[in-house]
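Note sheet for the following structure.
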Amino acid sequence: MSAVSLTITNAIAELHLDNPSKLNALTTQMLDNLISHLDEIERNPTVRVVLLTAAPCKAFCAGADIIAWGQLSPAEFARHWVRHGHRIFDRLARLSKPTIAVINAHAFGGGLELAACCDIRIIAPRATLALPEAKVGIVPGWSGTQRLTRLIGEPAVKEMALFGQRIVANRAVTLGFACEVADDPHARALELAHDACTLSPRATEIAKNMIHAGAGEDHAALIEALGSAAISATDDRQEGVGAFEQKRAAKFSGA
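The sequence shown lines up with residues 20 to 274 when you count with the working numbering.
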(Lines of atoms letter the chains of each structure in order from A and count residues from 1; the text may use other names and numbers.)
(Lines give C-alpha, C1' and ligand atoms only; values in the text may rest on other atoms or scores of the structure.)
Protein backbone atom coordinates (compact mmCIF):
# COMPACT_ATOMS: atom_id res chain seq x y z
CA MET A 1 0.00 0.00 0.00
CA SER A 2 1.36 3.43 -0.96
CA ALA A 3 2.28 5.69 1.93
CA VAL A 4 4.56 8.37 3.29
CA SER A 5 6.18 7.18 6.51
CA LEU A 6 7.84 9.21 9.23
CA THR A 7 10.76 8.09 11.38
CA ILE A 8 12.58 10.24 13.92
CA THR A 9 16.08 9.23 15.02
CA ASN A 10 17.63 11.51 17.60
CA ALA A 11 17.03 14.98 16.12
CA ILE A 12 16.62 13.94 12.47
CA ALA A 13 13.20 13.26 10.97
CA GLU A 14 12.85 11.32 7.73
CA LEU A 15 9.81 11.53 5.47
CA HIS A 16 9.88 8.52 3.17
CA LEU A 17 7.87 8.12 -0.05
CA ASP A 18 6.95 4.46 -0.36
CA ASN A 19 5.10 3.62 -3.59
CA PRO A 20 7.82 1.90 -5.66
CA SER A 21 5.41 -0.11 -7.82
CA LYS A 22 4.24 3.22 -9.28
CA LEU A 23 7.64 4.94 -9.20
CA ASN A 24 6.73 6.61 -5.90
CA ALA A 25 3.92 8.55 -7.60
CA LEU A 26 1.85 10.56 -5.14
CA THR A 27 -1.62 9.31 -4.22
CA THR A 28 -4.34 10.96 -2.14
CA GLN A 29 -3.34 8.79 0.81
CA MET A 30 0.28 9.88 0.47
CA LEU A 31 -0.69 13.55 0.41
CA ASP A 32 -2.78 13.03 3.55
CA ASN A 33 0.12 11.19 5.20
CA LEU A 34 2.47 14.01 4.28
CA ILE A 35 0.42 16.83 5.80
CA SER A 36 -0.16 14.83 8.98
CA HIS A 37 3.55 14.12 9.37
CA LEU A 38 4.49 17.74 8.68
CA ASP A 39 2.17 18.89 11.45
CA GLU A 40 3.74 16.35 13.81
CA ILE A 41 7.26 17.48 12.90
CA GLU A 42 6.41 21.14 13.41
CA ARG A 43 5.05 20.42 16.90
CA ASN A 44 8.05 18.31 17.92
CA PRO A 45 10.79 20.51 19.43
CA THR A 46 13.33 17.66 19.38
CA VAL A 47 13.37 17.56 15.55
CA ARG A 48 16.17 19.71 14.18
CA VAL A 49 16.42 18.62 10.53
CA VAL A 50 14.11 16.86 8.06
CA LEU A 51 15.10 14.55 5.20
CA LEU A 52 12.75 13.78 2.32
CA THR A 53 13.61 10.36 0.89
CA ALA A 54 12.05 7.75 -1.37
CA ALA A 55 11.95 4.00 -1.79
CA PRO A 56 14.57 2.75 -4.26
CA CYS A 57 13.27 2.40 -7.81
CA LYS A 58 13.68 4.20 -11.14
CA ALA A 59 12.26 7.44 -9.73
CA PHE A 60 12.55 9.50 -6.58
CA CYS A 61 8.99 10.45 -7.48
CA ALA A 62 7.32 10.25 -10.89
CA GLY A 63 4.78 12.91 -9.95
CA ALA A 64 1.11 12.51 -9.17
CA ASP A 65 -0.58 9.15 -9.68
CA ILE A 66 -2.59 9.61 -12.90
CA ILE A 67 -5.15 7.05 -11.74
CA ALA A 68 -5.77 9.17 -8.65
CA TRP A 69 -6.73 12.30 -10.60
CA GLY A 70 -7.51 11.09 -14.12
CA GLN A 71 -11.24 10.52 -13.52
CA LEU A 72 -11.89 13.74 -11.59
CA SER A 73 -14.20 16.37 -13.03
CA PRO A 74 -12.56 19.70 -13.99
CA ALA A 75 -13.95 21.34 -10.85
CA GLU A 76 -12.79 18.50 -8.59
CA PHE A 77 -9.38 18.47 -10.24
CA ALA A 78 -8.85 22.22 -9.74
CA ARG A 79 -10.49 22.67 -6.35
CA HIS A 80 -9.48 19.52 -4.57
CA TRP A 81 -6.54 17.77 -6.21
CA VAL A 82 -4.51 20.81 -7.27
CA ARG A 83 -5.38 23.15 -4.40
CA HIS A 84 -5.09 20.43 -1.75
CA GLY A 85 -1.68 19.41 -3.04
CA HIS A 86 -0.61 23.04 -3.22
CA ARG A 87 -1.47 23.59 0.45
CA ILE A 88 0.53 20.52 1.46
CA PHE A 89 3.55 21.48 -0.65
CA ASP A 90 3.44 25.00 0.79
CA ARG A 91 3.39 23.44 4.27
CA LEU A 92 6.64 21.62 3.49
CA ALA A 93 8.24 24.71 1.98
CA ARG A 94 7.38 26.79 5.05
CA LEU A 95 8.39 24.23 7.67
CA SER A 96 10.45 25.94 10.38
CA LYS A 97 13.08 23.16 10.38
CA PRO A 98 15.82 22.86 7.73
CA THR A 99 14.87 20.33 5.04
CA ILE A 100 16.91 18.24 2.60
CA ALA A 101 15.52 16.38 -0.42
CA VAL A 102 17.47 13.18 -1.17
CA ILE A 103 16.95 12.71 -4.91
CA ASN A 104 18.10 9.14 -5.42
CA ALA A 105 16.56 8.82 -8.92
CA HIS A 106 14.47 10.73 -11.47
CA ALA A 107 12.23 13.54 -10.19
CA PHE A 108 9.35 14.26 -12.56
CA GLY A 109 6.32 16.54 -12.39
CA GLY A 110 4.93 16.63 -8.88
CA GLY A 111 8.04 14.84 -7.63
CA LEU A 112 10.21 17.67 -8.92
CA GLU A 113 7.82 20.22 -7.41
CA LEU A 114 7.95 18.37 -4.08
CA ALA A 115 11.76 18.37 -4.02
CA ALA A 116 11.73 22.09 -4.85
CA CYS A 117 9.90 22.71 -1.56
CA CYS A 118 12.92 21.60 0.46
CA ASP A 119 15.69 23.99 1.49
CA ILE A 120 18.45 22.10 -0.33
CA ARG A 121 18.64 19.06 -2.57
CA ILE A 122 21.29 16.37 -3.10
CA ILE A 123 21.02 14.43 -6.32
CA ALA A 124 22.34 11.08 -7.56
CA PRO A 125 24.53 11.15 -10.71
CA ARG A 126 22.01 9.41 -12.98
CA ALA A 127 18.93 11.26 -11.74
CA THR A 128 17.20 13.69 -14.08
CA LEU A 129 14.55 16.37 -13.68
CA ALA A 130 11.48 16.84 -15.89
CA LEU A 131 8.07 18.48 -16.14
CA PRO A 132 6.24 16.03 -18.45
CA GLU A 133 2.67 17.19 -17.71
CA ALA A 134 2.00 18.30 -21.30
CA LYS A 135 2.39 14.68 -22.41
CA VAL A 136 -0.91 13.88 -20.66
CA GLY A 137 -2.60 17.17 -21.50
CA ILE A 138 -2.16 19.08 -18.23
CA VAL A 139 0.19 21.70 -16.76
CA PRO A 140 2.33 21.78 -13.61
CA GLY A 141 -0.07 22.36 -10.73
CA TRP A 142 1.94 22.24 -7.53
CA SER A 143 4.06 25.37 -8.05
CA GLY A 144 6.24 24.10 -10.90
CA THR A 145 5.63 27.33 -12.78
CA GLN A 146 6.05 29.49 -9.68
CA ARG A 147 8.39 28.24 -6.93
CA LEU A 148 10.51 26.24 -9.37
CA THR A 149 10.82 29.26 -11.67
CA ARG A 150 12.05 31.37 -8.75
CA LEU A 151 14.54 28.64 -7.92
CA ILE A 152 16.12 27.84 -11.31
CA GLY A 153 14.85 30.55 -13.64
CA GLU A 154 12.31 30.89 -16.42
CA PRO A 155 14.37 29.45 -19.32
CA ALA A 156 15.10 26.12 -17.61
CA VAL A 157 11.47 25.65 -16.54
CA LYS A 158 10.30 26.47 -20.09
CA GLU A 159 12.80 23.98 -21.47
CA MET A 160 11.17 21.23 -19.41
CA ALA A 161 7.52 22.33 -19.53
CA LEU A 162 7.33 23.59 -23.14
CA PHE A 163 9.87 21.39 -24.90
CA GLY A 164 9.76 18.19 -22.86
CA GLN A 165 13.47 18.21 -22.09
CA ARG A 166 15.15 16.62 -19.08
CA ILE A 167 17.82 18.26 -16.97
CA VAL A 168 20.69 16.03 -15.87
CA ALA A 169 22.24 16.00 -12.41
CA ASN A 170 25.34 18.13 -13.10
CA ARG A 171 23.25 20.79 -14.78
CA ALA A 172 20.83 20.74 -11.85
CA VAL A 173 23.76 21.82 -9.67
CA THR A 174 24.78 24.52 -12.15
CA LEU A 175 21.23 25.89 -12.15
CA GLY A 176 21.21 25.98 -8.34
CA PHE A 177 18.51 23.34 -7.96
CA ALA A 178 20.80 20.83 -6.24
CA CYS A 179 23.67 21.72 -3.95
CA GLU A 180 25.73 18.73 -5.06
CA VAL A 181 25.84 15.41 -6.88
CA ALA A 182 26.62 12.43 -4.62
CA ASP A 183 26.95 8.71 -5.36
CA ASP A 184 25.15 8.09 -2.06
CA PRO A 185 22.89 11.13 -1.62
CA HIS A 186 21.30 9.74 1.54
CA ALA A 187 24.63 9.33 3.32
CA ARG A 188 25.67 12.82 2.27
CA ALA A 189 22.34 14.24 3.46
CA LEU A 190 22.87 12.63 6.85
CA GLU A 191 26.29 14.26 7.11
CA LEU A 192 24.75 17.67 6.43
CA ALA A 193 21.89 16.94 8.83
CA HIS A 194 24.31 16.09 11.64
CA ASP A 195 26.19 19.34 10.95
CA ALA A 196 22.91 21.28 11.11
CA CYS A 197 22.10 19.69 14.45
CA THR A 198 25.16 21.42 15.97
CA LEU A 199 23.78 24.87 15.10
CA SER A 200 21.35 27.02 17.05
CA PRO A 201 17.81 25.90 16.11
CA ARG A 202 16.38 29.37 16.75
CA ALA A 203 19.08 30.99 14.64
CA THR A 204 18.50 28.63 11.72
CA GLU A 205 14.72 29.05 11.97
CA ILE A 206 14.92 32.83 11.91
CA ALA A 207 17.54 32.80 9.15
CA LYS A 208 15.24 30.58 7.08
CA ASN A 209 12.35 32.97 7.65
CA MET A 210 14.47 35.95 6.59
CA ILE A 211 15.69 34.21 3.45
CA HIS A 212 12.15 33.16 2.53
CA ALA A 213 10.81 36.67 3.11
CA GLY A 214 13.47 38.06 0.79
CA ALA A 215 12.70 35.42 -1.84
CA GLY A 216 8.94 36.00 -1.70
CA GLU A 217 7.99 32.71 0.01
CA ASP A 218 4.99 33.51 2.26
CA HIS A 219 6.31 37.08 2.45
CA ALA A 220 3.48 38.75 4.40
CA ALA A 221 3.13 36.05 7.06
CA LEU A 222 6.89 35.89 7.62
CA ILE A 223 7.19 39.63 8.18
CA GLU A 224 4.51 39.44 10.87
CA ALA A 225 6.05 36.30 12.38
CA LEU A 226 9.47 37.95 12.65
CA GLY A 227 7.96 41.10 14.12
CA SER A 228 5.91 39.10 16.60
CA ALA A 229 8.98 37.12 17.66
CA ALA A 230 10.85 40.38 18.32
CA ILE A 231 8.04 42.01 20.29
CA SER A 232 7.43 38.89 22.37
CA ALA A 233 10.90 39.24 23.90
CA THR A 234 10.31 42.77 25.18
CA ASP A 235 9.54 43.97 28.70
CA ASP A 236 6.55 45.86 27.27
CA ARG A 237 4.97 42.62 26.11
CA GLN A 238 5.41 41.11 29.58
CA GLU A 239 3.98 44.24 31.20
CA GLY A 240 1.01 44.34 28.84
CA VAL A 241 0.07 40.72 29.48
CA GLY A 242 0.58 41.14 33.22
CA ALA A 243 -1.59 44.26 33.31
CA PHE A 244 -4.35 42.48 31.42
CA GLU A 245 -4.28 39.51 33.79
CA GLN A 246 -4.27 41.80 36.85
CA LYS A 247 -6.96 44.11 35.38
CA ARG A 248 -4.88 47.26 35.78
CA ALA A 249 -3.51 49.96 33.50
CA ALA A 250 -0.25 48.99 31.82
CA LYS A 251 2.92 51.03 32.47
CA PHE A 252 5.09 50.59 29.40
CA SER A 253 8.81 51.37 29.67
CA GLY A 254 9.71 50.94 26.01
CA ALA A 255 12.21 48.20 26.91
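We treat Cβ as the ideally placed atom computed from N, Cα and C, and that holds for glycine. Please read all numbers here as calculations on a predicted model, not as lab measurements.
Three-state secondary structure assigned by DSSP to residue i
i: Leu148; result: strand
i: Ser24; result: strand
i: Glu236; result: coil
i: Phe196; result: coil
i: Ala188; result: helix
i: Ser251; result: helix
i: Val155; result: helix
i: Ala222; result: helix
i: Ala135; result: helix
i: Ala274; result: coil
i: Asn228; result: helix
Cβ-based neighbour list, residue i, same chain, cut-off 6 Å, excluding 5 preceding and 5 following
i: Ala149; result: Phe127, Met179 and Arg185
i: Trp161; result: Gly104, His105, Phe108, Gly129 and Glu132
i: Arg207; result: Ile141 and Ala201
i: Ala197; result: Arg140, Ile142 and Ala191
Limits of the unbroken beta strand (DSSP E) element including residue i
i: Ile171; result: Taken as a continuous stretch (DSSP letters only), Ile171 belongs to no beta strand (DSSP E), being part of the alpha helix (DSSP H) at Arg166 to Ile171.
i: Ala120; result: Thr118 to Ile122
Residue interval of the alpha helix (DSSP H) (run including residue i)
i: Ala262; result: Asp254 to Gln265
i: Ala6; result: For residue 6 there is no data in the structure shown, the boundaries of the chain being 20 and 274.
Those residues which DSSP pairs with residue i across a bridge
i: Arg110; result: BP columns for Arg110 are empty, so no partner.
i: Ala269; result: Paired residue(s): none; Ala269 is not in a bridge.
i: Ala126; result: Cys80 and Leu148
i: Ile142; result: Ile122 and Val200
Residue i CB to nearest heavy atom of the ligand FAD below 7 Å
i: Ala234; result: Looking at this structure, you won't find the ligand FAD or any other ligand, since it has none at all.
Sequence-distant residues of its chain with Cβ nearer than 8 Å to residue i (five each side left out)
i: Cys216; result: Asn29, Ala30, Ile31, Arg67 and Val68
i: Val101; result: Gly160 and Trp161
Unbroken stretches of the alpha helix (DSSP H), 4 residues or longer, contained in the stretch 31-107
47-62 and 85-88
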